[in-house]
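What follows is a single structure, written as C-alpha coordinates, with notes after it.
Structure representation (C-alpha coordinates):
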(Lines of atoms letter the chains of each structure in order from A and count residues from 1; the text may use other names and numbers.)
(Lines give C-alpha, C1' and ligand atoms only; values in the text may rest on other atoms or scores of the structure.)
Protein backbone atom coordinates (compact mmCIF):
# COMPACT_ATOMS: atom_id res chain seq x y z
CA UNK A 1 0.00 0.00 0.00
CA UNK A 2 1.18 3.52 -0.81
CA UNK A 3 1.42 6.42 1.59
CA UNK A 4 -1.55 8.74 1.19
CA UNK A 5 -2.05 12.36 2.15
CA UNK A 6 -5.81 12.28 2.69
CA UNK A 7 -6.22 8.68 3.88
CA UNK A 8 -4.81 6.02 6.13
CA UNK A 9 -5.23 2.47 4.84
CA UNK A 10 -4.78 -0.69 6.89
CA UNK A 11 -5.33 -4.35 6.02
CA UNK A 12 -6.03 -6.91 8.72
CA UNK A 13 -7.95 -10.19 8.72
CA UNK A 14 -9.06 -9.72 5.09
CA UNK A 15 -10.62 -6.33 5.90
CA UNK A 16 -9.25 -3.09 4.43
CA UNK A 17 -9.85 -0.14 6.75
CA UNK A 18 -9.89 3.07 4.70
CA UNK A 19 -9.76 6.07 7.04
CA UNK A 20 -10.29 9.65 5.85
CA UNK A 21 -7.35 11.22 7.61
CA UNK A 22 -7.68 15.01 7.72
CA UNK A 23 -9.10 15.41 11.24
CA UNK A 24 -7.80 18.97 11.64
CA UNK A 25 -9.92 19.93 8.60
CA UNK A 26 -12.99 17.93 9.70
CA UNK A 27 -12.01 15.42 7.01
CA UNK A 28 -12.97 17.84 4.25
CA UNK A 29 -12.44 16.32 0.80
CA UNK A 30 -9.50 18.13 -0.77
CA UNK A 31 -7.81 17.52 -4.14
CA UNK A 32 -5.71 14.66 -2.74
CA UNK A 33 -8.85 12.92 -1.49
CA UNK A 34 -10.45 12.72 -4.94
CA UNK A 35 -7.42 11.21 -6.67
CA UNK A 36 -6.29 8.93 -3.86
CA UNK A 37 -9.67 7.27 -3.37
CA UNK A 38 -9.51 6.00 -6.96
CA UNK A 39 -6.04 4.53 -6.36
CA UNK A 40 -7.18 2.95 -3.10
CA UNK A 41 -10.16 1.20 -4.63
CA UNK A 42 -8.11 0.06 -7.60
CA UNK A 43 -5.79 -1.58 -5.06
CA UNK A 44 -8.81 -3.08 -3.25
CA UNK A 45 -10.10 -4.60 -6.48
CA UNK A 46 -6.69 -5.94 -7.46
CA UNK A 47 -5.79 -7.43 -4.07
CA UNK A 48 -7.33 -10.86 -3.53
CA UNK A 49 -6.54 -10.76 0.19
CA UNK A 50 -9.00 -7.88 0.59
CA UNK A 51 -12.52 -9.22 0.94
CA UNK A 52 -14.34 -6.33 2.62
CA UNK A 53 -13.75 -2.59 3.02
CA UNK A 54 -14.69 -0.36 5.96
CA UNK A 55 -14.61 3.43 5.43
CA UNK A 56 -14.48 5.71 8.47
CA UNK A 57 -13.18 9.13 9.45
CA UNK A 58 -10.32 10.03 11.79
CA UNK A 59 -10.97 12.39 14.69
CA UNK A 60 -14.38 13.66 15.71
CA UNK A 61 -16.15 13.51 12.34
CA UNK A 62 -16.67 11.30 9.31
CA UNK A 63 -16.47 14.18 6.81
CA UNK A 64 -17.66 17.76 6.48
CA UNK A 65 -17.87 17.31 2.70
CA UNK A 66 -16.05 18.86 -0.25
CA UNK A 67 -13.25 21.25 0.67
CA UNK A 68 -14.51 24.73 -0.21
CA UNK A 69 -10.96 25.86 -0.95
CA UNK A 70 -10.76 23.27 -3.73
CA UNK A 71 -13.96 24.58 -5.30
CA UNK A 72 -12.64 28.12 -5.14
CA UNK A 73 -9.47 27.03 -6.90
CA UNK A 74 -11.49 25.61 -9.79
CA UNK A 75 -13.28 28.94 -10.17
CA UNK A 76 -9.96 30.76 -10.64
CA UNK A 77 -9.52 28.92 -13.94
CA UNK A 78 -12.61 30.53 -15.46
CA UNK A 79 -12.16 32.82 -18.45
CA UNK A 80 -14.47 35.29 -20.19
CA UNK A 81 -16.31 32.70 -22.29
CA UNK A 82 -19.32 31.04 -20.61
CA UNK A 83 -19.32 27.99 -22.89
CA UNK A 84 -15.67 27.20 -22.17
CA UNK A 85 -16.23 27.72 -18.46
CA UNK A 86 -19.17 25.33 -18.58
CA UNK A 87 -17.11 22.71 -20.41
CA UNK A 88 -14.33 23.04 -17.80
CA UNK A 89 -16.79 22.70 -14.93
CA UNK A 90 -18.61 19.77 -16.52
CA UNK A 91 -15.35 17.84 -16.95
CA UNK A 92 -14.39 18.60 -13.35
CA UNK A 93 -17.74 17.37 -12.03
CA UNK A 94 -17.44 14.15 -14.04
CA UNK A 95 -13.96 13.60 -12.56
CA UNK A 96 -15.37 13.93 -9.04
CA UNK A 97 -18.23 11.59 -9.88
CA UNK A 98 -15.65 9.05 -11.07
CA UNK A 99 -14.06 9.03 -7.62
CA UNK A 100 -17.24 7.80 -5.97
CA UNK A 101 -18.08 5.55 -8.91
CA UNK A 102 -14.85 3.74 -7.99
CA UNK A 103 -16.41 3.00 -4.59
CA UNK A 104 -19.77 2.00 -6.03
CA UNK A 105 -18.20 -0.24 -8.68
CA UNK A 106 -15.83 -2.00 -6.28
CA UNK A 107 -16.29 -5.76 -6.58
CA UNK A 108 -16.11 -6.15 -2.81
CA UNK A 109 -18.60 -4.97 -0.16
CA UNK A 110 -17.93 -1.49 1.24
CA UNK A 111 -19.27 -0.57 4.69
CA UNK A 112 -19.41 3.06 5.87
CA UNK A 113 -18.97 3.79 9.60
CA UNK A 114 -20.32 7.31 10.23
CA UNK A 115 -19.80 9.46 13.30
CA UNK A 116 -19.98 13.21 13.88
CA UNK A 117 -20.52 15.26 10.73
CA UNK A 118 -21.44 13.57 7.47
CA UNK A 119 -22.29 16.54 5.29
CA UNK A 120 -22.61 17.23 1.57
CA UNK A 121 -19.94 15.14 -0.12
CA UNK A 122 -20.02 12.81 2.87
CA UNK A 123 -23.54 11.78 1.86
CA UNK A 124 -22.35 11.31 -1.73
CA UNK A 125 -19.68 8.94 -0.42
CA UNK A 126 -21.79 6.82 1.90
CA UNK A 127 -24.57 6.39 -0.67
CA UNK A 128 -21.92 4.83 -2.95
CA UNK A 129 -21.22 2.23 -0.24
CA UNK A 130 -23.06 -1.08 0.17
CA UNK A 131 -24.14 -0.50 3.75
CA UNK A 132 -24.03 2.36 6.22
CA UNK A 133 -23.82 2.42 10.03
CA UNK A 134 -23.74 5.40 12.39
CA UNK A 135 -23.45 6.57 15.95
CA UNK A 136 -26.65 7.89 17.49
CA UNK A 137 -25.19 11.40 17.64
CA UNK A 138 -24.05 11.46 14.01
CA UNK A 139 -25.23 14.49 12.00
CA UNK A 140 -26.07 13.89 8.35
CA UNK A 141 -27.15 16.53 5.85
CA UNK A 142 -27.33 17.23 2.12
CA UNK A 143 -25.88 20.72 2.36
CA UNK A 144 -25.58 21.68 -1.31
CA UNK A 145 -28.95 23.46 -1.45
CA UNK A 146 -27.71 25.90 1.20
CA UNK A 147 -24.75 26.68 -1.05
CA UNK A 148 -27.04 27.57 -3.93
CA UNK A 149 -26.48 24.45 -6.02
CA UNK A 150 -27.77 20.93 -6.66
CA UNK A 151 -25.72 18.02 -5.31
CA UNK A 152 -23.82 16.63 -8.31
CA UNK A 153 -21.54 13.79 -7.17
CA UNK A 154 -24.10 11.01 -6.64
CA UNK A 155 -26.46 11.76 -3.75
CA UNK A 156 -29.47 12.70 -5.89
CA UNK A 157 -28.96 9.63 -8.05
CA UNK A 158 -28.33 7.03 -5.32
CA UNK A 159 -30.20 8.26 -2.24
CA UNK A 160 -33.75 7.77 -3.64
CA UNK A 161 -32.92 4.10 -4.22
CA UNK A 162 -31.94 3.77 -0.56
CA UNK A 163 -34.62 5.72 1.33
CA UNK A 164 -37.30 6.33 -1.30
CA UNK A 165 -38.10 9.29 -3.50
CA UNK A 166 -40.19 11.41 -1.14
CA UNK A 167 -37.78 11.38 1.79
CA UNK A 168 -34.82 11.96 -0.51
CA UNK A 169 -36.56 15.03 -1.95
CA UNK A 170 -37.35 16.36 1.53
CA UNK A 171 -33.75 16.11 2.69
CA UNK A 172 -32.38 17.50 -0.58
CA UNK A 173 -34.81 20.45 -0.76
CA UNK A 174 -34.52 21.47 2.90
CA UNK A 175 -30.88 20.61 3.63
CA UNK A 176 -31.95 19.78 7.18
CA UNK A 177 -29.73 17.75 9.47
CA UNK A 178 -30.83 14.35 10.71
CA UNK A 179 -29.34 12.36 13.57
CA UNK A 180 -28.26 8.76 13.60
CA UNK A 181 -31.55 7.42 14.92
CA UNK A 182 -33.62 9.20 12.26
CA UNK A 183 -31.17 7.98 9.63
CA UNK A 184 -31.77 4.44 10.85
CA UNK A 185 -35.53 4.97 10.90
CA UNK A 186 -35.62 5.99 7.24
CA UNK A 187 -33.24 3.26 6.15
CA UNK A 188 -30.23 5.43 5.36
CA UNK A 189 -28.17 3.49 7.91
CA UNK A 190 -28.68 -0.14 8.91
CA UNK A 191 -27.86 0.17 12.62
CA UNK A 192 -26.82 2.77 15.15
CA UNK A 193 -24.29 2.52 17.97
CA UNK A 194 -23.85 4.42 21.22
CA UNK A 195 -20.42 5.88 20.42
CA UNK A 196 -17.47 5.71 18.03
CA UNK A 197 -15.78 2.72 19.68
CA UNK A 198 -18.99 0.71 19.64
CA UNK A 199 -19.53 1.73 16.01
CA UNK A 200 -16.11 0.54 14.87
CA UNK A 201 -16.39 -2.70 16.86
CA UNK A 202 -19.85 -3.38 15.47
CA UNK A 203 -19.02 -2.61 11.85
CA UNK A 204 -15.85 -4.69 11.96
CA UNK A 205 -17.82 -7.58 13.43
CA UNK A 206 -20.17 -7.45 10.44
CA UNK A 207 -17.24 -7.02 8.04
CA UNK A 208 -15.53 -10.01 9.62
CA UNK A 209 -18.60 -12.15 9.13
CA UNK A 210 -18.69 -11.22 5.44
CA UNK A 211 -14.94 -11.80 5.08
CA UNK A 212 -15.45 -15.37 6.30
CA UNK A 213 -17.76 -16.19 3.40
CA UNK A 214 -16.74 -17.38 -0.04
CA UNK A 215 -15.28 -14.37 -1.87
CA UNK A 216 -16.66 -15.77 -5.13
CA UNK A 217 -20.16 -15.96 -3.66
CA UNK A 218 -20.00 -12.49 -2.07
CA UNK A 219 -18.76 -10.79 -5.24
CA UNK A 220 -21.36 -12.57 -7.33
CA UNK A 221 -24.09 -11.52 -4.90
CA UNK A 222 -22.94 -7.89 -5.03
CA UNK A 223 -22.84 -7.97 -8.82
CA UNK A 224 -26.39 -9.30 -9.01
CA UNK A 225 -27.76 -6.72 -6.55
CA UNK A 226 -26.03 -3.88 -8.39
CA UNK A 227 -27.28 -5.16 -11.76
CA UNK A 228 -30.88 -5.12 -10.48
CA UNK A 229 -30.85 -1.37 -9.85
CA UNK A 230 -31.26 -0.75 -13.57
CA UNK A 231 -32.85 -3.93 -14.93
CA UNK A 232 -36.08 -5.90 -14.80
CA UNK A 233 -36.57 -9.07 -12.76
CA UNK A 234 -36.46 -11.13 -15.94
CA UNK A 235 -33.16 -9.51 -16.94
CA UNK A 236 -31.75 -10.26 -13.51
CA UNK A 237 -32.83 -13.89 -13.57
CA UNK A 238 -31.27 -14.37 -16.99
CA UNK A 239 -28.04 -12.72 -15.84
CA UNK A 240 -27.67 -14.76 -12.65
CA UNK A 241 -28.33 -17.98 -14.58
CA UNK A 242 -25.48 -17.14 -16.95
CA UNK A 243 -23.23 -16.01 -14.10
CA UNK A 244 -23.79 -19.12 -12.00
CA UNK A 245 -23.34 -21.43 -14.96
CA UNK A 246 -19.66 -20.67 -14.40
CA UNK A 247 -19.51 -19.77 -10.73
CA UNK A 248 -21.25 -22.88 -9.42
CA UNK A 249 -18.20 -24.79 -10.64
CA UNK A 250 -16.07 -22.95 -8.06
CA UNK A 251 -14.17 -24.95 -5.46
CA UNK A 252 -15.84 -22.68 -2.89
CA UNK A 253 -19.13 -24.52 -3.40
CA UNK A 254 -17.56 -27.84 -2.47
CA UNK A 255 -15.78 -26.26 0.52
CA UNK A 256 -19.01 -24.68 1.74
CA UNK A 257 -21.01 -27.89 1.36
CA UNK A 258 -18.39 -29.96 3.17
CA UNK A 259 -18.22 -27.45 6.01
CA UNK A 260 -22.00 -27.39 6.32
CA UNK A 261 -22.25 -31.18 6.45
CA UNK A 262 -19.46 -31.51 9.01
CA UNK A 263 -20.59 -28.46 11.02
CA UNK A 264 -17.11 -26.94 10.59
CA UNK A 265 -16.17 -23.35 9.72
CA UNK A 266 -15.18 -23.17 6.03
CA UNK A 267 -11.79 -21.82 4.99
CA UNK A 268 -11.98 -20.25 1.54
CA UNK A 269 -9.04 -19.31 -0.66
CA UNK A 270 -8.59 -15.63 -1.46
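Numbering (full-length UniProt numbering), first residue to last: 1 to 270. C-beta atoms are modelled at their ideal positions from N, C-alpha and C, and glycine is treated no differently. Just so we're clear, the structure is a prediction, and the values are computed from it rather than from any experiment.
Inset, instruction - State whether the segment 175 to 190 contacts the segment 221 to 234, with contact taken as three or more CB pairs (one from each stretch) at a distance under 8 Å. - result: With fewer than three CB-CB distances shorter than 8 Å, the segment 175 to 190 does not count as touching the segment 221 to 234.
Legend entry - residue 8 versus residue 121: straight-line alpha-carbon distance, rounded: Cα-Cα distance, rounded: 19 Å.
Legend entry - residue 160 versus 128, 55, 54 and 30, residue with shortest Cα-Cα distance: Of 128, 55, 54 and 30, the residue nearest in Cα terms is 128.
Inset, instruction - Using three-state DSSP, classify residue 26 as helix, strand or coil. - result: The three-state secondary structure of residue 26, taken from DSSP, is coil.
Legend entry - Sequence-distant residues of its chain with Cβ nearer than 6 Å to residue 124 (five each side left out): Same-chain partners within the cutoff: 100, 153, 154 and 155.
Legend entry - Same chain, Cβ closer than 6 Å to residue 74, neighbours up to 5 away in sequence not counted: Hits under 6 Å: 92.
Inset, instruction - Tell whether a beta-carbon distance below 8 Å holds between residue 210 and residue 110. - result: Cβ distance not < 8 Å, so residue 210 and residue 110 don't count as in contact.
Inset, instruction - May I ask which residues mark the beginning and end of the alpha helix (DSSP H) holding residue 139? - result: That residue, residue 139, is in no alpha helix (DSSP H); its beta strand (DSSP E) goes 139 to 141.
Legend entry - Cα-Cα separation, residue 57 to residue 31: About 17 Å.
Legend entry - Residues bridged to residue 112 (per DSSP): Answer is 55 and 132, bridged to residue 112.
Legend entry - Coarse secondary structure for residue 192, derived from DSSP in three states: It is a strand residue.
Inset, instruction - Enumerate in chain order the residues of its own chain whose CB-to-CB distance from residue 10 is below 6 Å, with the five nearest sequence positions on each side excluded. - result: Setting aside the 5 residues that flank it on each side, residue 10 is surrounded in the same chain by 17, each with a C-beta closer than 6 Å to its C-beta; the list follows chain order.
Legend entry - Cβ contact check for the segment 200 to 216 and the segment 243 to 262: 3 or more pairs under 8 Å: At 8 Å Cβ cutoff, the stretches touch.
Inset, instruction - Measure the alpha-carbon distance for residue 38 versus residue 20 and round it to whole angstroms. - result: Our two residues, residue 38 and residue 20, have alpha carbons roughly 13 Å apart in a direct line.
Inset, instruction - Could you tell me which residues DSSP pairs with residue 117 in its beta bridges? - result: In the DSSP assignment, the residues bridged to residue 117 are 139.
Legend entry - 8 Å CB neighbourhood of residue 45 in its chain, flanking five on each side removed: Within the same chain, and ignoring the five residues on either side of residue 45 in sequence, the residues whose Cβ sits closer than 8 Å to its Cβ are 106, 107 and 108.
Inset, instruction - Would you check if the distance between the CB atom of residue 102 and the CB atom of residue 62 is smaller than 8 Å? - result: Result no, Cβ atoms of residue 102 and residue 62 do not sit closer than 8 Å.
Inset, instruction - Report the option in 138, 250 and 60 whose CA atom is closest to the CA atom of residue 27. - result: Nearest neighbour of residue 27 by Cα position, chosen from 138, 250 and 60, turns out to be 60.
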